[in-house]
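Chemist: For the sequence shown, my numbering assigns the number 127 to the initial residue and increments by one for each residue that follows. No residue lacks a Cβ here, since even glycine has one placed at the ideal position from N, Cα and C. The structure that follows is given in the form of structure tokens.
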Amino acid sequence: LMHLTKKLIEIRSMLLSIDQSDALKLPSIVVIGSQSSGKSSVLEAVVGHEFLPKGNNMVTRRPIELTLIHTPAKNGQHPVEYGEFPGLGMGKITNFADIQRTLTDLNLAVPASECVSNDPIDLRIYSPNVPDLTLIDLPGYVQISSLDQPETLKEKIAGLCEKYIREPNIILAVCAADVDLANSPALRASRKVDPLGLRTIGVVTKMDLVPPEQGASILGGNRYPLHLGYVGVVAKKNPSDTTAVVVRAAENDYFHQHRDTFGSTSQLMVGTDTLRRRLMEVLESSMASSLHGITNAVQLELEEATYQFKVQYNDRRITAESYVAETMDMLKHRFKESTQQFRRPIIRGKLKEMLDDKVMDVLEQLYWLDKKAAELSQMGSNAKLKPEDVDPYWKHKLEAASSLLTKSGVGRDSTLLVADGLRALIDSIALGEPFNHHPRAAERLIEFSHNILRDRIGVTSDQVENCIKPYKYDVEVEPREWEQGRQQAIDLFEKEVEACQMKLKEITKKVGGGRRLNALMGYVKKLEEEQRTAKSAAPAAGDEGDVKTESNEITPESYRYPPAQIVDARYAVMYSDRLSILKLRLAALKSPRCRAGPQSEVFCPEAFLNVVADKLAYTSSMFINIELLDQFFYQFPREIDSRLLYDLDRKEIIAFARENPIVRRHLDLQERKEKLEEVMKQLNSLSTLRSDPQPQPRRQ
Ligand code: GDP
């Protein structure tokens with residue numbers, strides 16, 4: 127039968143790890159008693175070591191699930207005694223003072239505001255000197271509430287005890303012999319849940335503090351009969367020497383001295399050894415009688431779990447490792463797919479777009495705002511005018527424009543444009559499934575990607591800048607390139623024309639029609655004209671006062687136009703000015719002069735700059751490809767392996783997988799099913815162990 131209890135204790139802790147539901151519980155012995163009743167002394171006497179937290183006001187604040195595992199001597203050698211906290215991963219602790227310290231720390235970790243915690247501490251003790259037992263030590267009942275032990279503490283402890291003394295547990299009610307049993311909170315609580323006293327054992331401590339006859343009468347149990355009886359103990363500690371052996375000797379002495387009262391004929395149970403034996407018997411028989419019920423319950427749970435696993439997951443097994451590996455593969459795969467967006471022609475197109483904007487800026491700055499711009503168009507349409515006869519002013523202008531474009535920080539801007547694209551790609555991967563469940567991994571992913579980028583940006587932009595340097599001095603244009611540049615400039619201008627027209631339409635609608643806008647624009651132009659003449663007249667006339675009155679004069683018109691509309695009109699003037707220049711230039715670009723070829727560059731700066739922009743885009747994309755993209759695409763998958771994957775130990779892999787709720791549910795159910803299967807296997811092996819050998823079927 128010994129073997130059975132041991133096995134069942136194992137099964138019990140497996141069941142506890144499956145879930146805390148009452149249906150799957152094998153009995154344990156729950157120790158209750160009021161503070162100072164001698165509860166700790168009894169437990170320590172059973173274990174044979176001092177290991178429970180001590181000290182003033184040091185109550186047990188968390189339940190201790192104490193599992194005692196008897197380790198038999200092998201070849202006459204006594205195995206080493208040790209304790210273990212399975213939940214803490216501290217390994218074997220052979221020094222019981224360390225166990226005591228750990229328990230004290232765990233208790234102190236419960237915030238004073240909470241008083242007690244429901245979260246049990248799992249402690250296992252392996253020793254040749256302990257029986258196979260499971261005991262649950264609970265906070266002692268508080269008798270009097272004091273200032274630092276408020277009323278709520280009393281209630282909390284009572285509530286906690288109530289939870290544990292439910293069936294099928296056995297109640298070990300600790301009472302001190304020198305306190306009237308009627309006042310024992312332990313017995314009172316036990317009677318509430320076990321009125322017939324069928325699963326309560328009484329332990330009467332401090333037997334040495336009452337006359338032996340009185341002690342014997344208590345143990346007789348006539349007043350409060352308990353089916354499992356009372357055991358009397360003396361667990362007094364000698365403050366100067368509290369080794370278990372000394373304590374045991376004092377107890378033996380006491381009962382020996384009073385053997386007339388407590389002798390073998392009296393049928394009374396006394397002494398720690400008797401208590402241990404009694405506890406083993408009671409637990410054994412209680413577990414044995416629970417066996418049938420628990421087997422059925424586990425069978426039911428297992429069937430349910432098996433069914434759910436089939437229905438929900440089609441029996442597909444996963445592991446945390448496989449999930450992590452799949453996630454990383456998926457990440458690499460997604461990344462690889464996305465790199466299609468970074469193929470060279472695409473990058474080149476993007477860079478060209480950016481440079482087109484720069485070209486427009488340069489044109490606006492150098493040509494459109496130039497009052498002589500119209501002159502250029504006229505010269506272009508004059509077929510007799512040869513390029514070499516053009517005013518050097520325009521040649522300088524073209525050189526300035528080209529140099530403004532090539533010196534506008536193309537290296538840095540184009541590198542950053544591509545780097546930003548990569549960053550956006552990584553960010554979107556980090557924010558999406560499944561990394562939305564793994565915020566820390568996502569953070570790392572972003573961090574190392576940014577690091578790679580940061581390392582490459584400087585080198586790349588310098589390299590690009592170096593390689594476009596020749597264009598700062600001289601740009602050779604082939605006829606084919608010219609034609610392409612001219613066409614692209616036309617496209618660009620047509621788009622710009624459309625954009626201006628749209629803007630003008632919007633403003634027209636906003637101010638209430640074309641006529642209204644014309645009137646407004648007329649007014650704005652007039653104002654500007656006045657300001658111009660005033661400005662040029664003022665210094666000459668030297669009569670500031672006069673100017674002021676004129677410009678501030680309130681005219682009937684200024685009444686008619688609200689300020690917001692005047693702002694709109696100013697924009698309209700700007701757009702329509704631009705529109706007329708664009709149209710002029712479009713005509714020029716389409717003229718025979720421009721079509722003639724690169725020799726017309728002075729007349730058609732737009733086509734020329736477009737060719738330059740194209741060359742810049744081509745060169746930049748080439749070096750960005752080599753210095754940034756190739757490097758990034760090479761390093762990224764390797765960083766995934768070294769920063770996300772190889773760093774993880776087994777515990778972290780599990781934690782990572784469980785961050786994903788879908789995976790967590792899958793793993794939970796799978797684990798539950800497997801544990802139930804294991805428990806079922808063990809339970810079945812027990813029943814064959816217990817069942818009598820089957821008679822062999824007789825052969826006929
Ligand atoms: P707990 O608060 O219920 O855990 O009680 P303790 O085990 O700490 O015991 C309270 C006090 O009673 C301590 O000073 C013990 O030394 C003392 N004590 C415990 N058992 C006995 C006993 O059998 N006889 C005597 N005389 N004192 C005891």
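Use the C-beta contact count for A451: other C-beta atoms within 10 angstroms, 16 or more gives buried, fewer gives exposed.
Modeler: The residue labelled residue 451 in the question sits at position 325 within the sequence shown. Under this definition A451 is an exposed residue.
Chemist: Just verifying my parser: in three-state terms, what is the DSSP assignment at Q393?
Modeler: Here residue 393 refers to the residue found at position 267 when the sequence shown is read from its first residue. Coil.
Chemist: Please return the same chain residues whose Cβ sits closer than 7 Å to the Cβ of R798, not counting the five positions on each side in sequence.
Modeler: Indexing the sequence shown from 1 puts residue 798 at position 672. Hits under 7 Å: I144, A431.
Chemist: Considering only the beta carbon of each residue, do V301 and A312 sit closer than 8 Å?
Modeler: The residue labelled residue 301 in the question sits at position 175 within the sequence shown. The residue labelled residue 312 in the question sits at position 186 within the sequence shown. Reading off the sequence, residue 301 comes out as Cys, not Val. Yes. Within cutoff.
Chemist: Closest to K801 by CA distance: which of I137, T131, K133, K132 is it?
Modeler: The count along the sequence shown starts at 1 and reaches residue 801 at position 675. When only C-alpha atoms are compared, the closest one is I137.
Chemist: Are the CB atoms of L646 and Y701 nearer to each other than 8 Å?
Modeler: As a position in the sequence shown, residue 646 is number 520, starting the count at 1. As a position in the sequence shown, residue 701 is number 575, starting the count at 1. Not in contact: L646 and Y701 (Cβ atoms no closer than 8 Å).
Chemist: Exposed or buried, which one is Y433 when buried takes at least 16 other CB atoms within 10 Å?
Modeler: As a first step, residue 433 is located in the sequence shown; it is residue number 307 there, counting from the start. By the neighbour-count rule (16 or more Cβ atoms within 10 Å), Y433 is not buried but exposed.
Chemist: Would you mind listing the beta strand (DSSP E) stretches within the segment 408–450 that are 3+ residues and don't spill past its ends, in chain order?
Modeler: Qualifying beta strand (DSSP E) stretches: none in this window.
Chemist: Return the CA-CA distance between L771 and N255, expressed in angstroms with no decimal places.
Modeler: Taking the first residue of the sequence shown as 1, we reach residue 771 at position 645. Taking the first residue of the sequence shown as 1, we reach residue 255 at position 129. Each residue's alpha carbon lies about 46 Å from the other.
Chemist: List the endpoints of the continuous beta strand (DSSP E) containing A698.
Modeler: Residue numbering aside, residue 698 sits at position 572 when the sequence shown is read from its first letter. Run containing A698: none in the beta strand (DSSP E); it sits in the alpha helix (DSSP H), 689–716.
Chemist: Under 8 Å between the Cβ atoms of L192 and I262?
Modeler: Position 66 of the sequence shown, counted from the start, is the residue given in the question as residue 192. Position 136 of the sequence shown, counted from the start, is the residue given in the question as residue 262. Contact: yes.
Chemist: Between L313 and the ligand GDP, is the CB less than 7 Å from at least one heavy atom?
Modeler: Here residue 313 is taken as the residue at index 187 of the sequence shown, counted from 1. No, the beta carbon of L313 sits no closer than 7 Å to any heavy atom of the ligand GDP.
Chemist: Along the chain, where does the alpha helix (DSSP H) that runs through I578 open and close?
Modeler: For the purposes of this step, residue 578 is taken as residue 452 along the sequence shown, with counting starting at 1. 565–593 is the extent of the alpha helix (DSSP H) around I578.
Chemist: Would you check if the distance between the CB atom of F211 and the CB atom of D248 is smaller than 8 Å?
Modeler: Position 85 of the sequence shown holds residue 211. Position 122 of the sequence shown holds residue 248. Yes, they are a contact pair.
Chemist: With respect to the beta strand (DSSP E) encompassing E753, which residues constitute its N-terminal and C-terminal limits?
Modeler: The residue labelled residue 753 in the question sits at position 627 within the sequence shown. Element bounds for E753: n/a, residue is neither H nor E.
Chemist: Taking the alpha helix (DSSP H) that R612 falls in, what are its first and last residues?
Modeler: Walking along the sequence shown from the start, residue 612 turns up at place 486. Start and end: 605–637.
Chemist: If we count the other Cβ atoms within 10 Å of its Cβ and call it buried at 16 or more, is E676 buried or exposed?
Modeler: For this step, residue 676 is matched to residue 550 along the sequence shown. Note on E676: pLDDT 46, under 50, position unreliable in the model; the coordinate value appears next. E676 is exposed by the Cβ-count criterion.
Chemist: Tell me the rounded alpha-carbon separation between P179 and R549.
Modeler: Stepping through the sequence shown from its first residue, residue 179 is reached at position 53. Stepping through the sequence shown from its first residue, residue 549 is reached at position 423. Straight-line Cα distance between these residues: approximately 55 Å.
Chemist: Does the separation of the CB atoms of L477 and S540 fall below 8 Å?
Modeler: As a working mapping, residue 477 is identified with position 351 in the sequence shown. As a working mapping, residue 540 is identified with position 414 in the sequence shown. Cβ atoms of L477 and S540: closer than 8 Å.
Chemist: Between G671 and the rest of its own chain, which residues show a CB-CB distance below 8 Å, the 5 nearest in sequence each way excluded?
Modeler: For the purposes of this step, residue 671 is identified with residue 545 of the sequence shown, where counting begins at 1. Any reading at G671 must be qualified, since the residue scores a pLDDT of 46, below 50, and its modelled position is unreliable; no value is offered.
Chemist: Taking only the alpha-carbon atoms, compute the straight-line gap between E804 and E785 and give it to the nearest angstrom.
Modeler: In the sequence shown, residue 804 corresponds to position 678, counting from 1. In the sequence shown, residue 785 corresponds to position 659, counting from 1. Each residue's Cα considered, the two are about 26 Å apart.
Chemist: Just to confirm, does L771 get its C-beta within under 7 Å of one of the non-hydrogen atoms of the ligand GDP?
Modeler: Residue numbering aside, residue 771 sits at position 645 when the sequence shown is read from its first letter. No, the ligand GDP has no heavy atom inside 7 Å of this Cβ.
Chemist: Mind checking who C301 pairs with in its DSSP beta bridge?
Modeler: Taking the first residue of the sequence shown as 1, we reach residue 301 at position 175. The partner list for C301 (beta bridge, DSSP) reads V330.
Chemist: What beta strand (DSSP E) runs, 3 residues minimum, are completely inside the segment 189–230?
Modeler: Qualifying beta strand (DSSP E) stretches, in chain order: 190–196, 208–210.
Chemist: What residue from N295, P265, D306 has the CA that sits closest to L286's CA?
Modeler: Walking along the sequence shown from the start, residue 286 turns up at place 160. Among N295, P265, D306, the Cα nearest to that of L286 is on P265.
Chemist: Let me check you understand the geometry: is the CB of M140 closer than 7 Å to at least one non-hydrogen atom of the ligand GDP?
Modeler: Within the sequence shown, numbered from 1, the residue matching residue 140 stands at position 14. Because no heavy atom of the ligand GDP lies under 7 Å away, the Cβ of M140 does not count as near it: no.
Chemist: Once DSSP output is grouped into helix, strand and coil, what is the label at L770?
Modeler: As a first step, residue 770 must be located in the sequence shown, where it is residue number 644. L770 falls in the helix class under three-state DSSP.
Chemist: At the level of alpha carbons, what is the spacing between S587 and R538?
Modeler: What you label residue 587 is simply residue 461 of the sequence shown in a count that begins at 1. What you label residue 538 is simply residue 412 of the sequence shown in a count that begins at 1. So the alpha carbons of these two residues sit roughly 5 Å apart.
Chemist: Would DSSP call S163 helix, strand or coil?
Modeler: To locate residue 163, count along the sequence shown from 1; it is residue 37. Correct three-state label for S163: coil.
Chemist: Can you tell which of E632, R187, E609, F729 has its C-alpha closest to the C-alpha of D694?
Modeler: For this step, residue 694 is matched to residue 568 along the sequence shown. Checking every option, the nearest Cα to that of D694 belongs to E632.
Chemist: For P518, does the count of other Cβ atoms within 10 angstroms reach 16, so buried, or fall short, so exposed?
Modeler: Stepping through the sequence shown from its first residue, residue 518 is reached at position 392. Exposed is the call here.
Chemist: Given 7 Å as the limit, tell me if Q161 has its C-beta closer than that to any heavy atom belonging to the ligand GDP.
Modeler: Counting from 1 along the sequence shown, the entry for residue 161 is found at position 35. Flag set: Cβ of Q161 near the ligand GDP.
Chemist: According to DSSP, is K674 part of a helix, a strand, or is it coil?
Modeler: Working through the sequence shown from its first residue, we reach residue 674 at position 548. Confidence at K674 is low in this model, with a pLDDT of 44, below 50, so the placement of that residue is unreliable and no value is reported for it.
Chemist: Buried or exposed: where does G217 fall if 16 or more other Cβ atoms within 10 Å of its Cβ makes it buried?
Modeler: Here residue 217 refers to the residue found at position 91 of the sequence shown. Exposed, because fewer than 16 other Cβ atoms sit within 10 Å of the Cβ of G217.
Chemist: The beta strand (DSSP E) that contains L261, what's its start and end?
Modeler: Within the sequence shown, residue 261 is the residue found at index 135, counting from 1. 259–263 is the extent of the beta strand (DSSP E) around L261.
Chemist: L394: beta carbon under 7 Å from a heavy atom of the ligand GDP?
Modeler: Along the sequence shown, one-based indexing puts residue 394 at 268. L394: no, Cβ never under 7 Å from the ligand GDP.
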